[in-house]
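> Same order as they appear, the protein sequences are chains A and B. Under the UniProt record's numbering, the first residue of the first sequence is numbered 1, with each subsequent residue one higher. Under the UniProt record's numbering, the first residue of the second sequence is numbered 1, with each subsequent residue one higher. Where a beta carbon is used, it is the ideal one built from N, C-alpha and C, also for glycine.
There are 2 protein chains.
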Amino acid sequence: MTFSEENYLKTIYHLMAVSDADISTNAIAEKMETKASSVTDMLKKLAEKELVNYIKYQGVSLTEKGQLAAKMIVRKHRLWETFLVEKLDFSWDEVHDLAEQLEHIKSEKLINKLDDFLGNPTEDPHGDAIPDASGRITKIEKQLLSELEKNRVGICVGVKDTSSDFLKYLDKQEIALGSQIEIIEKESFDSSFRIRVGTKEITISHKIASNIYIK
Amino acid sequence: MTFSEENYLKTIYHLMAVSDADISTNAIAEKMETKASSVTDMLKKLAEKELVNYIKYQGVSLTEKGQLAAKMIVRKHRLWETFLVEKLDFSWDEVHDLAEQLEHIKSEKLINKLDDFLGNPTEDPHGDAIPDASGRITKIEKQLLSELEKNRVGICVGVKDTSSDFLKYLDKQEIALGSQIEIIEKESFDSSFRIRVGTKEITISHKIASNIYIK
DNA sequence: AAATTGTTTTAGACTAGACTAAAAAAATAT
DNA sequence: ATATTTTTTTAGTCTAGTCTAAAACAATTT
Ligand SMILES: [Mn+2]
Ligand SMILES: [Mn+2]
Ligand SMILES: [Mn+2]
Ligand SMILES: [Mn+2]
C-alpha cells in the first residue's frame with residue numbers, strides 16, 4: 001500500500017466515524033486539500049483492491065479489510081505521537097505532523113514493540129483511543145464540555161480539535177489532560193462559559209468549550 | 001528532497017568512502033539495483049540542485065552541500081538503528097531495512113531529540129560511526145581481523161558486511177561487538193583462521209575474517 | 001416539468017521515477 | 001590505427017498521482 005492510499009483510507013475512516021452515511025467525494029477532497037477528480041481516481045483504485053465499497057455518484061465506505069487497514073494506520077499514528085510526547089519530550093501540539101510521516105513506516109513488529117515499550121497505552125496525548133494489534137478499540141466515555149450543566153465538575157480527558165493553535169491556547173489557559181474543570185456559569189447571550197480550572201477562574205467561548213472532552 | 005534523491009545521495013556517499021575517484025554511473029546502478037539510464041536521469045537532477053558534481057561520461061562526486069545532506073541521512077539511519085536495538089530490543093541483523101525507511105523521516109528536531117534520548121551515541125549497533133548534528137564524525141581506528149598477525153589479540157569493534165546472513169552467522173559463533181578475539185593460527189593453504197573467541201576455539205574462512213573489524 | 005445549481009466523473013495533460021532499446025562515447029584489444 | 005567491447009547517455013514508453021476543463025449526473029428551485 002502506498003502512502004497516498006493509506007492517507008485516503010485514513011481520511012475515509014475518520015469521516016465515517018462522524019457521519020454514518022456514505023462519504024462523498026467532495027468531503028474527502030476537502031479534508032485532504034486535494035481535488036475531487038483526484039479522489040475519484042483513487043476511489044477506483046481502492047475499490048479494485050477491495051478496500052472500499054464504491055458506487056459511482058453514490059459515495060464510498062470502507063470494507064472490513066479497509067477498516068482494519070485504516071485502524072492500523074491510526075494505531076501507528078497514535079502510538080508514535082505517544083512516543084514523541086512520553087519519551088522524546090515533545091509537547092502535544094508538535095507531534096501530529098511528525099506522526100503523519102511515521103504512520104507510514106511499514107513493520108508490524110516495530111509497531112508492536114513500540115507499543116510494549118510505551119506500556120501498551122490505550123490513549124494518545126490528545127486523549128484519542130489507540131487501537132490494539134488486532135484493531136480493537138477501548139471506547140472512552142466522554143462528553144463535550146459545552147454539554148455539561150452548570151455547577152458540574154469533570155476531568156478533561158481529550159480534545160476534539162487537535163490543531164497546534166488550539167492546543168497552545170489550552171496550554172496558555174493551563175488546561176491539560178487530567179485538569180479538573182467546573183462550570184461556574186453559562187452565559188446565555190453568547191453561549192460562553194465561566195469555568196474554574198484548578199484554582200483559576202476563566203471565561204471561554206462556546207467554540208472552545210465544544211472542543212474539550214470531559215469525563 | 002524526495003526519498004529517491006536521498007537514496008541516491010547516500011549511495012554516492014558510501015561509494016565515495018571507498019574509492020577516491022569519481023563514481024561511475026554503473027557503480028551506482030549496481031549498488032541500487034536499478035538501471036544505468038535511471039541513474040543518469042537522477043544525476044542530472046541532483047546536479048541541477050547542486051548536490052553533485054556531474055560531467056557527462058566522467059562520473060560524479062558529492063558537492064559540500066551534497067556531502068552534508070548525505071551525512072544527515074546516514075546520521076538518521078544509524079541513530080534509528082541504535083534506537084531499535086537499544087530501546088526496542090531488536091537484534092542487530094533486523095534493523096537495517098527498518099532504518100532504510102526511518103532515515104527518510106523529515107525533522108531535525110526529532111533526530112536531535114532521539115540523539116539525546118539515546119545518550120548521544122558515537123557508534124551504531126554495527127560499530128559504524130554516527131555523524132553528529134553538524135556532520136562531524138569521530139573516526140574509529142580499526143583494522144580487519146584478516147590483517148591481524150598470529151598470536152595478536154583484539155576486540156571486535158565493528159563489521160564490514162552488515163547483511164542479516166553474516167550477522168546471524170556471527171551470533172551463532174558468539175562473536176559480538178566487544179568480543180575478545182585471538183589469532184591462534186593462519187592457514188596458508190586456504191587463508192583460513194583459527195581463532196579464540198572468549199574461551200572457544202573456532203575456524204573461520206578468510207572471507208569471514210575480512211568482514212570483522214578489530215581494535 | 002423545466003431550468004438552474006451543485007456534485008461527480010471523464011478526458012487529457014503534467015511530473016517523478018522507473019524501464020527498454022538504440023545511439024554515442026570511451027576503453028580495450030588486435 | 002582500427003576494430004571490438006563496454007559504458008554511458010538519449011529517446012521514447014509506462015505507472016502513480018496530481019491537476020484543469022469539460023461532460024455527465026443529481027439535487028434544488030422556480
Ligand atoms: Mn494526530
Ligand atoms: Mn492524536
Ligand atoms: Mn544499516
Ligand atoms: Mn548500521
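#1: Is there a C-beta anywhere in chain A that falls below 8 angstroms from the one on B:Ile-105?
#2: Under 8 angstroms: do the stretch 199 to 213 of chain A and the stretch 143 to 150 of chain A share three or more Cβ pairs, one atom per stretch?
#3: Using a Cβ cut-off of 8 angstroms (strictly closer), state whether B:Asp-89 contacts chain A.
#4: For A:Lys-160 and A:Ile-140, what's the separation of their Cα atoms in angstroms?
#5: How would you write the range of the beta strand (DSSP E) that A:Gly-154 sits in, first residue to last?
#6: Reducing DSSP to helix, strand and coil, say where B:Asn-53 ends up.
#7: Quick one: give me the first and last residue of the beta strand (DSSP E) that B:Ser-61 is part of.
#8: By the three-class DSSP mapping on this structure, what secondary structure does A:Arg-75 have?
#9: Since A:His-126 contacts A:Trp-92 with CB under 8 angstroms, what's their CB separation in whole angstroms?
#10: Whose C-alpha, out of A:Val-157, A:Val-52, A:Lys-207, is nearest the C-alpha of A:Leu-9?
#11: Tell me the DSSP bridge mates of B:Lys-200?
#12: Near B:Gly-154, which residues of its chain fall below 7 angstroms by C-beta distance, leaving aside the five closest residues on each side in sequence?
#13: If the criterion is Cβ atoms closer than 8 angstroms, does the pair A:Ser-24 and A:Gly-59 meet it?
#14: Examine chain A for any beta-carbon lying closer than 8 angstroms to the beta-carbon of B:Gln-58, and answer yes or no.
#15: Going by C-alpha to C-alpha distance, which of A:Thr-203, A:Leu-68, A:Lys-168 sits closest to A:Glu-185?
#16: In chain order, what are the residues with a CB under 5 angstroms from some non-hydrogen atom of ligand 2?
#17: How should B:Phe-193 be labelled, buried or exposed, when 16 other C-beta atoms within 10 angstroms of its C-beta is the threshold for buried?
#18: Using a Cβ-Cβ cut-off of less than 7 angstroms, list which residues of the stretch 91 to 120 of chain A approach chain B; keep chain order.
#19: Can the beta-carbon of A:Leu-84 be found closer than 8 angstroms to that of A:Val-95?
#20: B:Glu-201 to B:Glu-174, Cα distance in whole Å?
#21: Taking the alpha carbon of A:Asp-22 as the point to measure from, which residue in A:Thr-138, A:Ser-38, A:Tyr-54, A:Gly-158 has its own alpha carbon closest?
#22: Within 10 angstroms of the Cβ of A:Gly-198, are there 16 or more other Cβ atoms? Answer buried if so, exposed if not.
#23: Please determine, among B:Glu-100, B:Thr-63, B:Lys-35, B:Tyr-57, the residue with the shortest C-alpha to C-alpha distance to B:Glu-48.
#24: Return the residue from the list B:Arg-196, B:Ile-183, B:Met-42, B:His-206 that minimises the CA-CA distance to B:Phe-189.
#25: Taking 8 angstroms as the threshold (C-beta atoms), are B:Asp-124 and B:Arg-78 in contact?
#26: A:Thr-11: beta carbon under 7 angstroms from a heavy atom of ligand 4?
#27: Please report the straight-line C-alpha distance between A:Asp-89 and A:Lys-45, rounded to a whole angstrom.
#28: The alpha helix (DSSP H) that contains B:Ile-111, what's its start and end?
#29: At a threshold of 7 angstroms, does B:Thr-162 count as lining ligand 3 (C-beta to nearest heavy atom)?
#30: Can you say whether A:Ala-70 is buried or exposed, counting buried as having 16 or more other CB atoms within 10 angstroms of its CB?
#31: Could you tell me if the beta carbon of B:His-104 falls within a distance shorter than 7 angstroms of some heavy atom in ligand 3?
#32: Nearest-angstrom Cα distance between A:Tyr-13 and A:Val-74?
#33: How is the alpha helix (DSSP H) around A:Gln-101 delimited, first residue to last?
For this structure:
#1: The beta-carbon of B:Ile-105 is placed less than 8 angstroms from the nearest beta-carbon of chain A.
#2: In the pairwise beta carbon analysis, the stretch 199 to 213 of chain A is classified as touching the stretch 143 to 150 of chain A: at least three pairs are separated by under 8 angstroms.
#3: By this cut-off, B:Asp-89 is an interface position.
#4: So the two alpha carbons sit approximately 13 angstroms from each other.
#5: According to the DSSP assignment, A:Gly-154 belongs to the beta strand (DSSP E) that extends over 153 to 159.
#6: B:Asn-53 falls in the strand class under three-state DSSP.
#7: Here the beta strand (DSSP E) through B:Ser-61 covers 60 to 62.
#8: When secondary structure is reduced to three states using DSSP, A:Arg-75 falls in the helix class.
#9: Correct: roughly 6 angstroms between the Cβ atoms.
#10: Its Cα nearest to that of A:Leu-9, the residue A:Val-52 stands out among A:Val-157, A:Val-52, A:Lys-207.
#11: Partner(s): B:Val-197.
#12: Excluding positions up to five away in sequence, the list reads Leu-148, Ile-181, Ile-214, Lys-215.
#13: Yes. Within cutoff.
#14: Closer than 8 angstroms: no.
#15: Just measuring C-alpha positions, the residue of A:Thr-203, A:Leu-68, A:Lys-168 sitting nearest A:Glu-185 is A:Thr-203.
#16: Taken from the N-terminal end onward, the list reads A:Glu-81, A:Asp-124, A:His-126, A:Asp-128.
#17: By the Cβ-count criterion, B:Phe-193 is buried, with 16 or more other Cβ atoms from all chains shown falling within 10 Å of its own Cβ.
#18: Answer set for the stretch 91 to 120 of chain A: Leu-98, Gln-101, Leu-102, Ile-105, Lys-106, Ser-107, Leu-110, Lys-113, Leu-114, Phe-117.
#19: Yes, the pair counts as a contact, with Cβ atoms nearer than the cut-off.
#20: Spanning the two alpha carbons is a distance of roughly 11 angstroms.
#21: Nearest option by C-alpha distance: A:Tyr-54.
#22: Its Cβ having fewer than 16 others within 10 Å, A:Gly-198 is exposed.
#23: Considering only alpha carbons, the answer is B:Thr-63.
#24: Proximity to B:Phe-189 across B:Arg-196, B:Ile-183, B:Met-42, B:His-206 peaks at B:His-206, based on C-alpha coordinates.
#25: The answer is yes: Cβ separation under 8 angstroms.
#26: No - ligand 4 has no heavy atom lying nearer than 7 angstroms to the Cβ of A:Thr-11.
#27: Distance between the alpha carbons of A:Asp-89 and A:Lys-45: 39 angstroms.
#28: Residues 108 to 117.
#29: Answer for B:Thr-162: yes, Cβ within range of ligand 3.
#30: Counting every other CB atom within 10 Å of its CB across the protein chains shown gives A:Ala-70 a total of 16 or more, marking it as buried.
#31: No.
#32: A straight line joining the alpha-carbon of A:Tyr-13 with that of A:Val-74 spans about 9 angstroms.
#33: First-last of the alpha helix (DSSP H) with A:Gln-101: 95 to 102.
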